[in-house]
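Quick mapping for you: the protein sequence lines, in order, are chains Y and G.
Residue 1 is where the first sequence starts when you use the numbering used here, and the numbers rise one by one after that.
Residue 1001 is where the second sequence starts when you use the numbering used here, and the numbers rise one by one after that.
Beta carbons are placed, not taken as given, at the ideal position from N, Cα and C, and that holds for glycine.
Here the structure is laid out as structure tokens; the discussion comes afterwards.
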Amino acid sequence: MSRPSTSTSAGLGRALVAVYGVFALAATARSLVQLATKAGEAPLAYALSAVAALVYVAATLGLAEVGPDPRRLAWAAVGFELVGVLTVGTLTVLDPELFPDATVWSDYGAGYGWLPLVLPFVGIAWLWHTRARD
Amino acid sequence: MDGPLPLVLLAASLLFAAVVLVYVVLDRTPDWGLLGFAAVIEALTLVLLVVAAVQVGDVDLSGGGLVTLFGYLVAGLVLLPIGFVWSLAERSRGATAVLMVAGLAQAFVVVRVMQVWPS
């Protein structure tokens, strides 16, 4: 039996990159609109939206194997994503006033069908599954 | 927005995603039929963009709403082409499933356009 592929963008990874790509596109567009039209209303929430957008873009590029060290980029982005969704999710549940306008990670991503909570786990599992083995 | 176009587009996008799911289950690679289906959705999205551009002057939509509306409409134009480019570079179930992601994202875009459009 052949060894499993270590490429993060092959097979199932291709679909995973597509899902991350949709989130990167959506989060970036949403963030740009927020910052351009109403940046002063909820600076913390909109700054967080921008950070989330960057994380999704980085995760997409890393998993799609773009750049010099894509696996490291993917690990960093997906790890940050997991910490982000758990931290922001917990904060928004404990203190809803903290972020007056919703971000992608508010309430653990419930507004996006819980996908923001599920994605980092899938991403980490996939990176682990495709890791280099001797 | 007047007319059944958004609902037709929404139904077509969901049907496309369902058809792709069948392809994934049967381990079939995308064919010309699937590409043609996507081309029809793409054409309908273009019509929706034109209709929105024509009718937007008659409705009450603020600056932010306007940007959001056309942002979604433009996203609707690029989703399927990018999905096909990414999908066709490889022959595997996962690569075919990319088109399902694109179809579902397309449906989401249409829902958001309908929500943003003032009724």
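Closer than 8 Å to chain G by CB, residue i
{"i": "valine 57/Y", "result": "no"}
{"i": "alanine 18/Y", "result": "yes"}
{"i": "arginine 133/Y", "result": "no"}
{"i": "leucine 127/Y", "result": "no"}
{"i": "valine 66/Y", "result": "no"}
{"i": "methionine 1/Y", "result": "Residue placement at methionine 1/Y is poorly supported in this model, since its pLDDT is 45, which falls under 50; the coordinates still yield a value, given next. No, methionine 1/Y lies away from the interface with chain G (no Cβ there is under 8 Å from its Cβ)."}
{"i": "glycine 62/Y", "result": "no"}
{"i": "valine 118/Y", "result": "no"}
{"i": "arginine 71/Y", "result": "no"}
{"i": "alanine 102/Y", "result": "no"}
{"i": "alanine 15/Y", "result": "yes"}
{"i": "valine 78/Y", "result": "no"}
{"i": "tryptophan 114/Y", "result": "no"}
Residue i at chain Y interface by Cβ criterion, 8 Å
{"i": "tryptophan 1117/G", "result": "no"}
{"i": "tryptophan 1032/G", "result": "no"}
{"i": "glycine 1083/G", "result": "yes"}
{"i": "glycine 1103/G", "result": "no"}
{"i": "glycine 1057/G", "result": "no"}
{"i": "valine 1098/G", "result": "yes"}
{"i": "glycine 1071/G", "result": "yes"}
Expected contact under 8 Å - CB spacing of residue i and residue j to nearest Å
{"i": "valine 17/Y", "j": "leucine 63/Y", "result": "5 Å"}
{"i": "valine 1110/G", "j": "proline 1006/G", "result": "6 Å"}
{"i": "glutamate 41/Y", "j": "aspartate 101/Y", "result": "7 Å"}
{"i": "alanine 74/Y", "j": "threonine 8/Y", "result": "6 Å"}
{"i": "glycine 1076/G", "j": "glutamine 1106/G", "result": "6 Å"}
{"i": "valine 1008/G", "j": "leucine 1044/G", "result": "7 Å"}
{"i": "tyrosine 112/Y", "j": "valine 104/Y", "result": "6 Å"}
{"i": "leucine 61/Y", "j": "proline 68/Y", "result": "Contact doesn't hold; Cβ gap of about 11 Å is too wide."}
{"i": "alanine 59/Y", "j": "tyrosine 108/Y", "result": "Wrong, their Cβ atoms sit about 18 Å apart, outside the cutoff."}
Enclosing alpha helix (DSSP H) for residue i [first to last residue]
{"i": "tyrosine 1072/G", "result": "1063-1088"}
{"i": "leucine 46/Y", "result": "Going by the sequence as given, residue 46/Y is tyrosine instead of leucine. Here the alpha helix (DSSP H) through tyrosine 46/Y covers 43-63."}
{"i": "glycine 21/Y", "result": "12-38"}
{"i": "proline 70/Y", "result": "70-94"}
{"i": "glutamate 1042/G", "result": "1032-1055"}
{"i": "threonine 1096/G", "result": "1093-1116"}
{"i": "phenylalanine 121/Y", "result": "115-129"}
{"i": "tyrosine 1023/G", "result": "1005-1026"}
Neighbouring residues, chain G, relative to residue i (Cβ below 8 Å)
{"i": "threonine 37/Y", "result": "Gly1063, Gly1064, Val1067"}
{"i": "glycine 123/Y", "result": "Simply none; closest approach about 14 Å."}
{"i": "alanine 29/Y", "result": "Gly1071, Ala1075"}
{"i": "valine 33/Y", "result": "Gly1064, Val1067, Thr1068, Gly1071"}
Contact set between residue i and chain G, taken where Cβ atoms lie within less than 9 Å
{"i": "alanine 10/Y", "result": "Glu1090, Ser1092, Gly1094, Ala1095"}
{"i": "glycine 109/Y", "result": "The premise fails here: glycine 109/Y is roughly 15 Å from chain G at the closest Cβ pair, so nothing lies under 9 Å."}
Contact set between residue i and chain Y, taken where Cβ atoms lie within less than 8 Å
{"i": "alanine 1017/G", "result": "Those within 8 Å of alanine 1017/G in chain Y number zero; the least Cβ separation is about 12 Å."}
Interface residues of chain G facing residue i [CB-CB closer than 7 Å]
{"i": "valine 22/Y", "result": "Val1101, Ala1105"}
{"i": "leucine 135/Y", "result": "Nothing about residue 135/Y can be read from this structure; chain Y reaches only from 1 to 134."}
{"i": "alanine 47/Y", "result": "Going along chain G, no residue has its Cβ under 7 Å from alanine 47/Y, so there is no contact; the nearest lies around 18 Å."}
Should the region 1076-1086 of chain G be called in touch with the region 108-124 of chain Y, which here means at least 3 C-beta pairs below 8 Å? no
With contact counted as at least three CB pairs below 8 Å, one residue from each stretch, are the region 1086-1105 of chain G and the region 5-19 of chain Y in contact? yes
Please determine if the region 1034-1047 of chain G and the region 1075-1082 of chain G are in contact, where contact requires at least 3 C-beta pairs separated by less than 8 Å. yes
Using 8 Å as the threshold, is the region 1055-1074 of chain G in touch with the region 22-38 of chain Y, meaning 3 or more CB pairs across them? yes
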